[in-house]
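Enquirer: Here it is, the structure, as C-alpha cells.
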Amino acid sequence: MNAVDVKSKILISILLASAVLGLTSALYFYNQYAALLRSYGELRRSFSKLEEEYRVLYAMYDSLSDEHVGLKKEYRILEASYSALRTSYQRLIGSYEDWRRYALSYLFLEDSISRVLNDSEISNLASLAQSMISRPDDYWCSVKELYDYVRKNVEYTYDPPVPYPPLASDLEHGIYVKTTYRQIVLSPSEVLSCKQGDCEDQAILLYALIASYQRYIYGEERILWLIDITLKDGMEHVAVAFPVGEGKLTILDTASSYYTGYPSALGSENPYKELEKYSNWFSRYGGIATIRVYDIQDGIPIKVVSGNIHDIAYFLIYGLRAQ
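If you read the sequence shown in the working numbering, its first letter stands for residue 2, the second for the next number, and so on.
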C-alpha cells in the first residue's frame, strides 16, 4: 500500500468519525430540542390553564368587588339606621326617666315638693286666700280662717294603690317587680278641684294658702314648715307647723282636726308640752316616733331638723334661737 492509499484511509476514517460525531451531536441537540418543545408545549398548556383560571378569578373578583360596594352601601344604611335607633332609644330612656320622676312626684313627699309647692301654685291661691280672710292684718286670725277653710271644704279620703314605676334598666332587663304604693300626693290646685285628699294633700294645701297669704296679702313671709311624721305603728302623717317668738311652737293639722291653741283661737305653746300633747293625739297608733321638719325654699324641701319629739323640742328652744 502506497502512501496515498494510507492517507486516503486515514482521511476517510477521520471523515467517518466526524460524521458519526456530527450525527451524534445532531441527535443529542435534536433530543434536547424535542424536550424543549415538549416543555414549551406543557408551559403553553399551563399558561393557558392559568390564563383561564385568571379570567375566572378576575370575574369572581369583579363580582366580589360589586358585592363589596353593595355591602358597603348596606353597611352605611345599617349604620345610619343603628344611629337613628340608638338616638331614639336614648330619647325614649330620657323621656321615660322624666316621666318616672313626674310619676314619683305623686308617690313621695320630698319628690313632690317642686311640683306641688312651686311659685305658680302659691301665687294662684292669692285670690282664694283673700276671699276667706276677714281681717287681713290679723295674722293669727287669718291663719285660723285658712285652717278652717281646709278643714271644712276638703273631705278626707284614703289614697288607692298606685303602681310604682320601675327603673328603665330594670324594664330593659325584664327584672322589674310589680309594686304598688298607697300614696298620691296632690297639688293644691288638684285638691281644690276634687275637694278631697288625705293628710299630706290637706297639709300641702294649707301650707300653700298660708304662704300665699304671707307673700301677697300680709306682706311678710314668716317661717313655715311641713312636718313629715312617722307614728310608732309605722303609719306616716303630714301637718303644718311654725315656730313662734323665742321657743314656742304652733301646729296645724286639718286631717286630724288638731291645732295649737283654744277652741276658738289659734295659739302657740312650749314645744315640749305641745309635742307631747300632739303625740298623745295619736295614742291609738302608739304616738309619734319621729318627725322630719322641712322648710320649702323655691320649691325645694330643705330638712331643718329630724328626730323624736324631744329632739325637735330641744331644737326649737335652743337650736333655732342660735341660728
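We treat Cβ as the ideally placed atom computed from N, Cα and C, and that holds for glycine.
Apart from the five residues on each side of it in sequence, which residues of its chain come closer than 7 Å, Cβ to Cβ, to Ala337?
Expert: Outside the displayed span of the chain (2 to 324) sits residue 337, for which this structure offers no information.
Enquirer: Can you check DSSP and say which residues form a bridge with Phe243?
Expert: Per DSSP, Thr251.
Enquirer: Helix, strand or coil for Glu237, going by three-state DSSP, please let me know.
Expert: Three-state result, Glu237: strand.
Enquirer: In angstroms, rounded to a whole number, what distance separates the CA positions of Ser280 and Lys249?
Expert: C-alpha separation (whole angstroms): 16 Å.
Enquirer: When you compare the segment 230 to 237 with the segment 159 to 179, are there three or more beta-carbon pairs, one atom per stretch, that lie closer than 8 Å?
Expert: No: fewer than three Cβ pairs fall under 8 Å.
Enquirer: Verify whether the separation of the beta carbon atoms of Ala1 and Ala266 is less than 9 Å.
Expert: No answer is possible for residue 1: the residues shown for the chain start at 2 and end at 324.
Enquirer: Can Glu275 and Thr251 be called in contact, C-beta distance under 9 Å?
Expert: In this structure, Thr251 lies closer than 9 Å to Glu275 by Cβ.
Enquirer: Could you work out which residue in Ser106, Pro137 and Tyr273 is closest to Val327 when comparing CA atoms only?
Expert: Outside the modelled stretch of the chain, which goes from 2 to 324, sits residue 327, for which no answer is possible.
Enquirer: Asp296 bridges to which residues according to DSSP?
Expert: Trp226 and Ile303.
Enquirer: Check whether the segment 292 to 301 touches the segment 193 to 200, taking contact to mean three or more Cβ pairs, one atom from each stretch, closer than 8 Å.
Expert: Because the criterion of three Cβ pairs below 8 Å is not met, the segment 292 to 301 and the segment 193 to 200 do not touch.
Enquirer: Whose CA, out of Glu111, Leu227 and Tyr34, lies closest to the CA of Leu207?
Expert: With distances taken between Cα atoms, Leu207 lies closest to Leu227.
Enquirer: Closer than 6 Å by C-beta to Tyr165: which residues in its own chain qualify, once you throw out the five before and the five after it? Chain order, please.
Expert: Thr180 and Tyr182, listed in sequence order.
Enquirer: Look at the Cβ atom of Ile114, then the Cβ atom of Pro302, and state whether they are nearer than 9 Å.
Expert: The answer is yes: Cβ separation under 9 Å.
Enquirer: Distance check for Ser132 and Ile289, CA to CA, integer angstroms please.
Expert: Distance between the alpha carbons of Ile289 and Ser132: 35 Å.
Enquirer: Pull up the distance between the alpha-carbon of Glu122 and that of Asp202, whole angstroms please.
Expert: Between Glu122 and Asp202, the C-alpha separation is close to 13 Å.
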